[in-house]
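Asker: Got a structure for you, questions after.
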Amino acid sequence: MKSGTQLPDVTFHTRVRDEAVEGPNPFRWEDKTTADYFAGKRVILFSLPGAFTPTCSTYQLPGFENGYAEFKDKGIDDIYCMSVNDSFVMNKWALDQGLENVKVIPDGSGEFTRKMGMLVDKDNLGFGMRSWRYAAIVNDGVVEAWFEEPGLMDNCPEDPYGVSSPDNLKKHLSEVKEPALA
Numbered sequence: 001m002k003s004g005t006q007l008p009d010v011t012f013h014t015r016v017r018d019e020a021v022e023g024p025n026p027f028r029w030e031d032k033t034t035a036d037y038f039a040g041k042r043v044i045l046f047s048l049p050g051a052f053t054p055t056c057s058t059y060q061l062p063g064f065e066n067g068y069a070e071f072k073d074k075g076i077d078d079i080y081c082m083s084v085n086d087s088f089v090m091n092k093w094a095l096d097q098g099l100e101n102v103k104v105i106p107d108g109s110g111e112f113t114r115k116m117g118m119l120v121d122k123d124n125l126g127f128g129m130r131s132w133r134y135a136a137i138v139n140d141g142v143v144e145a146w147f148e149e150p151g152l153m154d155n156c157p158e159d160p161y162g163v164s165s166p167d168n169l170k171k172h173l174s175e176v177k178e179p180a181l182a
């Protein structure tokens, strides 16, 4: 995936809280498209191997959550965390992490991740198909800047982390002028 590439058009199956739904699980299904998330905004999208996993839960997601105000000051409208996990898992992880700023996107079937060229086999860890770790600055649905961890491969024996870190994206945003929406 290179800068200047349009994001793939995908429908995400999400669960959203709805107080009109009675009972102990007040959520309903809501389909959202790539355009719903990315049209008309300059955002950060970062994708990681899995909810509740160590690097993702200890460093990457908290780093983006805690750096939200600084990213906003640098011209970012929203920050999205994506994983090849279903909406139930992503919502529970967001709750567990106490997210107030970062929004989660479930790519349960891996369709978006596959179309991005980032779907990898992680059977060596018992994960099945998951996302390779990456981040992007996306401007009106077009990749403005791309941050992919090195060594993209199936069953990678390591989990590289650094290129897609919040600090690296902050550094990049400090070095570039905020562009107009595409």
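Letter by letter, the sequence shown follows residues 1 to 182 in UniProt numbering. Think of the CB as a built atom: it goes at the ideal place given N, C-alpha and C, for glycine as much as any other residue.
From this set, Ser57, Trp132, Gly75, Lys122, which residue's C-alpha is nearest Asp96's C-alpha?
Answerer: The residue with the shortest Cα to Cα distance from Asp96 is Ser57.
Asker: Taking the runs of the beta strand (DSSP E) that are 3 residues or longer, which of them lie wholly in the stretch 19 to 87?
Answerer: 27 to 33, 42 to 48, 78 to 83
Asker: Does the beta carbon of Phe88 sit closer than 9 Å to a beta carbon anywhere in chain B?
Answerer: Checking the listed chains, one finds no chain B in this structure; it contains a single protein chain.
Asker: Within 10 angstroms of its Cβ, does Phe38 collect 16 or more other Cβ (buried), or is it exposed?
Answerer: buried
Asker: Can you tell me where the beta strand (DSSP E) holding Asn168 begins and where it ends?
Answerer: It is not in any beta strand (DSSP E) - Asn168 instead sits in the alpha helix (DSSP H) that spans 166 to 175.
Asker: Name, in chain order, the residues that DSSP records as bridge partners for Ser131.
Answerer: DSSP output for Ser131 lists Leu119 as bridge partner(s).
Asker: DSSP three-state call for Glu158: helix, strand or coil?
Answerer: Residue state, collapsed to three classes: coil.
Asker: Using DSSP's beta-bridge definition, name the partner residues of Gln6.
Answerer: Val142
Asker: To the nearest angstrom, how far is it from the Cα of Gly162 to the Cα of Phe12?
Answerer: 28 Å
Asker: Between Gly50 and Ala135, what straight-line distance do the alpha-carbon atoms span, to the nearest angstrom?
Answerer: 14 Å
Asker: Three-state secondary structure (DSSP) at Glu100?
Answerer: Under the three-state reduction of DSSP output, Glu100 falls in the coil class, being neither helix nor strand.
Asker: Have a look at Gly23, Asn101, Leu61, Asp107 and flag the residue whose alpha-carbon is nearest the alpha-carbon of Phe88.
Answerer: Asp107
Asker: Ends of the beta strand (DSSP E) at Val16?
Answerer: 11 to 17
Asker: Three or more C-beta pairs closer than 8 Å, one from the stretch 34 to 48 and one from the stretch 77 to 91: is that the case here?
Answerer: Taking 8 Å as the limit for Cβ pairs, the verdict is that the stretch 77 to 91 does touch the stretch 34 to 48.
Asker: With Leu173 and Phe147 assumed to form a contact (beta carbons below 8 Å), what rounded beta-carbon distance in angstroms separates them?
Answerer: That pair is no contact at about 11 Å.
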